[in-house]
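For reference, the structure is listed below as C-alpha cells.
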Amino acid sequence: MGSLRLSKLDSDQLLDITSENLNRLSSVTFKRLCDRFNLNDPKKYWIRIVTLALSEYAYYDDGEDGFWQGVCDHLSVENSQGIQNALREVLNQGFNLLGLVQAQKKNRYVSTLWLQSGIPQQNLAQFAQLLAELSSQYDWWDINDAEPEDLSCLLYDFCQEHHPQWGKLLTFLSSSCAKDDDSVEPISGQILKGIAFVAKSLEQKGLNPVVLKDAHERERLLQNFGLSNTFFLRDWDDFVSVLTPQSNSLHRRRSIVSHRKKPLSLWLDIFDTEEIQLVLPAQTLQSSDWKVLSDTYVNIPERGWESTFSRNGKLEISEDVTSLVEQVANEWVWHLRSHSNTSLTEWCCEGTSPALPLLFFDAETGDHLSPHDGLRGITDIIVFHSRDVQIALSKGVKVEKSFVPCSIAGWRGQQIRLADEQAQLTVHGAQSTKVVPWERSQEEFLQLRGLKLKHKTPIYLEAPSVWHPSVLLPKTVSIRIENLNTRKVLTEADEQIRLKASDTWQAIELSKWIDSKGKYSVLIWNENERWHEKFELRSSFELEQSLLIDQAQAYDLDEQPLSMPIWVSSTQDFWLEELKLKNLWPLEEVIFTLESQKEKHSFTRHANSFGLLSISLASFRDDLPESGRYGLSYQRQGEDHQSLLDVSCEESMDNIVTEQRYLLPKASADELSSDKKRTSVESEPQQITYSLNIKNNTREIRKAFCTRFSNQLKKTGLTQHNIELIKDPILKDLILIKIGSQQDFTILEDTANDVASTLYTSISLIAWGKR
Numbered sequence: 003m004g005s006l007r008l009s010k011l012d013s014d015q016l017l018d019i020t021s022e023n024l025n026r027l028s029s030v031t032f033k034r035l036c037d038r039f040n041l042n043d044p045k046k047y048w049i050r051i052v053t054l055a056l057s058e059y060a061y062y063d064d065g066e067d068g069f070w071q072g073v074c075d076h077l078s079v080e081n082s083q084g085i086q087n088a089l090r091e092v093l094n095q096g097f098n099l100l101g102l103v104q105a106q107k108k109n110r111y112v113s114t115l116w117l118q119s120g121i122p123q124q125n126l127a128q129f130a131q132l133l134a135e136l137s138s139q140y141d142w143w144d145i146n147d148a149e150p151e152d153l154s155c156l157l158y159d160f161c162q163e164h165h166p167q168w169g170k171l172l173t174f175l176s177s178s179c180a181k182d183d184d185s186v187e188p189i190s191g192q193i194l195k196g197i198a199f200v201a202k203s204l205e206q207k208g209l210n211p212v213v214l215k216d217a218h219e220r221e222r223l224l225q226n227f228g229l230s231n232t233f234f235l236r237d238w239d240d241f242v243s244v245l246t247p248q249s250n251s252l253h254r255r256r257s258i259v260s261h262r263k264k265p266l267s268l269w270l271d272i273f274d275t276e277e278i279q280l281v282l283p284a285q286t287l288q289s290s291d292w293k294v295l296s297d298t299y300v301n302i303p304e305r306g307w308e309s310t311f312s313r314n315g316k317l318e319i320s321e322d323v324t325s326l327v328e329q330v331a332n333e334w335v336w337h338l339r340s341h342s343n344t345s346l347t348e349w350c351c352e353g354t355s356p357a358l359p360l361l362f363f364d365a366e367t368g369d370h371l372s373p374h375d376g377l378r379g380i381t382d383i384i385v386f387h388s389r390d391v392q393i394a395l396s397k398g399v400k401v402e403k404s405f406v407p408c409s410i411a412g413w414r415g416q417q418i419r420l421a422d423e424q425a426q427l428t429v430h431g432a433q434s435t436k437v438v439p440w441e442r443s444q445e446e447f448l449q450l451r452g453l454k455l456k457h458k459t460p461i462y463l464e465a466p467s468v469w470h471p472s473v474l475l476p477k478t479v480s481i482r483i484e485n486l487n488t489r490k491v492l493t494e495a496d497e498q499i500r501l502k503a504s505d506t507w508q509a510i511e512l513s514k515w516i517d518s519k520g521k522y523s524v525l526i527w528n529e530n531e532r533w534h535e536k537f538e539l540r541s542s543f544e545l546e547q548s549l550l551i552d553q554a555q556a557y558d559l560d561e562q563p564l565s566m567p568i569w570v571s572s573t574q575d576f577w578l579e580e581l582k583l584k585n586l587w588p589l590e591e592v593i594f595t596l597e598s599q600k601e602k603h604s605f606t607r608h609a610n611s612f613g614l615l616s617i618s619l620a621s622f623r624d625d626l627p628e629s630g631r632y633g634l635s636y637q638r639q640g641e642d643h644q645s646l647l648d649v650s651c652e653e654s655m656d657n658i659v660t661e662q663r664y665l666l667p668k669a670s671a672d673e674l675s676s677d678k679k680r681t682s683v684e685s686e687p688q689q690i691t692y693s694l695n696i697k698n699n700t701r702e703i704r705k706a707f708c709t710r711f712s713n714q715l716k717k718t719g720l721t722q723h724n725i726e727l728i729k730d731p732i733l734k735d736l737i738l739i740k741i742g743s744q745q746d747f748t749i750l751e752d753t754a755n756d757v758a759s760t761l762y763t764s765i766s767l768i769a770w771g772k773r
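For the sequence shown, the residue numbers in my numbering are 3 to 773.
Rendered as C-alpha cells:
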C-alpha cells in the first residue's frame, strides 16, 4: 500500500474521516462497525479504507508512545483492549481483502503495517546513515547471504553501540528482534537484505545508484531485480549514496556472526540412524551479563555438553548438539548453566500430548510436523505412536512401510503417502480421538533435482536441474545464478528463459552455467512468482572425506587460522613454531612424525575434551640431529599422513644441494648390479634434461611443488635411476629435471601432474637436450 505514496496532509485527512465515522458509534466493537457499514457497503470498502488509514499512520507516526496509543489519540478514541481488538479484526480482514504481504509472527498487525512502507518516515535519514556506517564494515554479498533474523539483530546492536540516542529508531529496530523464544517478523533485516540485493544488482548492471531517484525508472528496475515480496522501501532519496559500489579491497571487512539463539527441535535422522533426536543447532551466543564469566566453565547438563566462555563472554557451540529421544515428554527443556550451576538461558521444545502420544515427521527431510492445524503440502510422512494409539487411514492414503522402528520404547511407526488431493487421519487414543486433515498444496512450486547426497543440507554430486511445473501458456522467467565462493554472478544481467506451454514439468539445466564445485544460489522470478534456493556442488571424493571426519585446522597463538602445510623460512624458525590444531574429536589420538634428511621420529598426542591440541616444536629439538631440512606431518585414524609444517623449499635446497644439484636416492649396489646385467646388451642411456614450467609460478607455489615433487619421486620407480632436480643459481624461478632415459619420461610426467593437481595448478615439461 505504500506505493500509493499519500502525502502527510492526505494521510491526516484520511485519519480524520476514519475518526469521524468511529465516533458516531456509542461504543466501538467490530460487530457494531459491521452492523453500521456493511448494509450500505456489502463489498466492505470501508475495511480497506480503515486499513489504508492505519498503514499511513504507521509510516508517518512521529510520536513516542507506541503505535496503539498514538493512533487512538489521533482517532479520538480510548486506547482500551476493546478498541484494539476491534481495530485488529478490521486489519485482519483488510489484509486479506487487499491481498497484502503479511507478517506471520508476534505483533503481526503493526509489523504488517510497517511492511507496506518500510522504514517509518521520521527514521529514514538515521537508517540511511546507519546503513552507510554498516556497509563500510560489512560486504553487500555477506549481508545479502545472511538470514533476515540475524541482520535485524546486527542492526539493533550496531545502532545501540554507535547511536544510543536514536530512541525512536531503536524502538523500531528492537521490534524486529526476537527476545528469548519469542517469534517476531524481522522487518529491518528484510529491508537491509533487500537493499544489499539492489546494491549488488546495480553493480552487476553497471548502473549508478542515482537512477533510483527517478520514480518511474526506479519502479522499472526494481521490478526486474526479482526482489522478495517482503521488501518495500517507500523513499529512496536518503539511500542513493549508501548504494555506491564498495571497494574490491575487503581485507578489513568483518564477517557477519549470528548471535541469535537458535531453537531446540525434534528431528528424525532419516539419513543415517533413523532415530528420533533432539537437535540444538550450532550457534554463537553473547550477552553483556556474561562478560564476568570469561574463561569459566559452562555446560548443558541434559546433554552432558561442556565448554568454556571466551575472554569477551561469548560462547560458541561449534557443531550441532544432539540427543537420542528414548522417552516422551510434554516438553523438553535444556539449560545452559554456569560454573556455579546458575541457569543462563534455556531452550524448549514442544513434546507430545498425554492424550494423544504421537509424532509426525516429513519422510523426505526428517523435519518434525505439528498436526494441530492439519498436514498441508507434505505428501510423505512417517508417524510414530504408542501401542495404545490406533490410526485409521481414510481413502487416498497409501501405506509405504507398515513398520518403522522407533527409538522410543513401546512405540512403533509407519510411513504413509497421500495419493489423492486430500484425505484425513483419525487418531484414536486412550482418552480422546482427533481427526487430522491432510491435503496437498494447492500450488505447485519449482523443485531442485539431481544426483544428491543423502544429507540434511542440499549437496549434489553434479550440477542439478530446476524443474518447473506445467504451464498452460508460454511464459518467460528471469534467472540469476551466483557462485557464493567466488562472489560472481554467472548469468547475464538480464538473462531470461522461455518456457513453452506444457502439461508436464520442464527442466532448466543449471550445467549451462555451473561447471565446477562450490556453493551456489539460484533465483528464478517473474512479476507473479519468486523462487530461490541455495545448494553446494562437490565431487564424490570430497563428499566421502568431508562427511566422514571434520578437517583439522591449524591456528597460531593469536587464534588466526593458517593454511596447511605451513611454510617457515629457516630451520631456526621451524623449531620456534607453536601451533594449535582444532576440529579434532574429543580426546582424539594423533600421530605426529618429525623428519629430517636422515632420520624420523614419531610420537602421539591427544586432543583435549574440546578437540583442541597444542604443540610446541622447541620441546622436540633434541630428538633429531642437525640437518638442513625438517618437516612435521600428522596422521589421524583412517587418514594418510598430512604435511603440517615444513621449511621453505628454497632454503632447504640451499642447505642440501651440492654443486647446485639435488641427487635423489639411488638404488642399492645389488640393484645396480642386477640392472647392469639386464642392460648389458644395450648402450648406456643418455641423460635428458627438461625444464619444468608451472602455471602461476609464484614463490609459494614453487616451494610447495619442490617439496611435494621430491617426496613423491621417492615413492615411484624413478628411484632406480639417477634423477636430478636442478636449482639454477641465476634463474631462481627455473626448475630443471634430468632423467636417466626417455623411457622414464611418462612416469616423470604423471608424477609432476599429480603433484600439480594437489596444488590446483598445471605444469608442462620442455626438453632441453641430451648429455
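Note that the Cβ used here is the ideal one computed from N, Cα and C, for glycine as well.
- In this structure, DSSP gives Val429 an extended state, which the three-state scheme calls strand.
- Within the same chain, Val570, Leu619, Leu647 come within 7 angstroms of Glu579 by CB-CB distance, once the 5 residues on both sides are set aside.
- A straight-line Cα-Cα distance of about 49 angstroms links Gln417 and Leu133.
- Scanning Leu93, Arg38, Phe622 for the CA closest to the CA of Ile51 turns up Leu93.
- If only complete runs of 3 or more residues are kept, the segment 278 to 330 shows the beta strand (DSSP E) at 278 to 282, 285 to 287, 299 to 302, 307 to 310, 317 to 319, 323 to 326, in order along the chain.
- By the Cβ neighbour-count rule, Arg110 is buried, with 16 or more other Cβ atoms within 10 Å of its own.
- Between the C-alpha atoms of Gln562 and Leu156 there is a straight-line separation of about 24 angstroms.
- In this chain, Leu586 is not harboured by any alpha helix (DSSP H), its DSSP state being neither H nor E.
- Secondary structure of Pro150 (DSSP, three-state): helix.
- Judged by DSSP in its simplified three-state form, Gly72 adopts helix.
- Collapsing the DSSP output to three states places Arg500 in a strand.
- Counting along the chain, Gln118 sits inside the alpha helix (DSSP H) bounded by residues 110 to 119.
- Short of 6 angstroms from the beta carbon of Ala60, and not among the five residues preceding or following it, lie these beta carbons of its own chain, in chain order: Leu115, Trp116.
- In this structure, DSSP gives Glu423 a state outside helix and strand, which the three-state scheme calls coil.
- The residue among Ser260, Trp413, Arg305 with its C-alpha nearest the C-alpha of Trp349 is Arg305.
- Taking the Cβ atoms as the reference, Tyr557 lies roughly 16 angstroms from Phe594, outside the contact range of under 8 angstroms.
- Residue burial is scored here from C-beta neighbours: Ser13 has at least 16 other C-beta atoms within 10 angstroms and is therefore classed as buried.
- Here Asn487 carries a coil assignment [DSSP, helix/strand/coil].
- Its Cα nearest to that of Pro283, the residue Ile319 stands out among Asp297, Asp239, Ile319, Asn98.
- One alpha carbon belongs to Ala148, the other to Asp64, and they sit about 31 angstroms apart.
- For Ile568, the enclosing beta strand (DSSP E) stretches over residues 568 to 570.
- Burial check for His341: the Cβ neighbour count within 10 Å stays below 16, so the residue is exposed.
- Excluding sequence positions up to five before and after Val259, its CB lies within less than 8 angstroms of the CB of Thr286, all in the same chain and listed in chain order.
- Your pair Glu135 and Gly191 does not check out as a contact, with CB atoms roughly 17 angstroms apart and the cut at 8 angstroms.
- Residue pairing by DSSP places Thr595 opposite Ser604, Ser635 in a beta bridge.
- Between Pro359 and Ser404, the CB-CB gap reaches or exceeds 9 angstroms.
- Linking Ser409 to Val327 through their CA atoms gives a straight-line distance of about 7 angstroms.
- At a Cβ-Cβ threshold of 9 angstroms, Ser21 and Leu77 count as neighbours.
- Boundaries cannot be given for Phe447, as no alpha helix (DSSP H) includes it and DSSP labels it neither H nor E.
- Below 8 angstroms, enough C-beta pairs join the segment 530 to 540 and the segment 457 to 467 to call them touching: three or more.
- Contact check for Glu221 and Ala105: beta-carbon distance about 24 angstroms, past the 8 angstroms limit, so the pair fails to qualify.
- For Ser13, the enclosing alpha helix (DSSP H) begins and ends at 10 to 24.
- With a cut-off of 8 angstroms on Cβ pairs, the segment 322 to 338 is in contact with the segment 295 to 305, counting three or more such pairs.
- From the listed residues Glu321, Ser372, Leu346, the smallest Cα separation to Leu268 is found for Ser372.
- By the criterion of a C-beta distance shorter than 6 angstroms, Ala127 is surrounded in its chain by Asp240, once the five residues flanking it on both sides are discounted.
- Contact check for Val112 against Ser177 passes: the beta carbons are separated by less than 9 angstroms.
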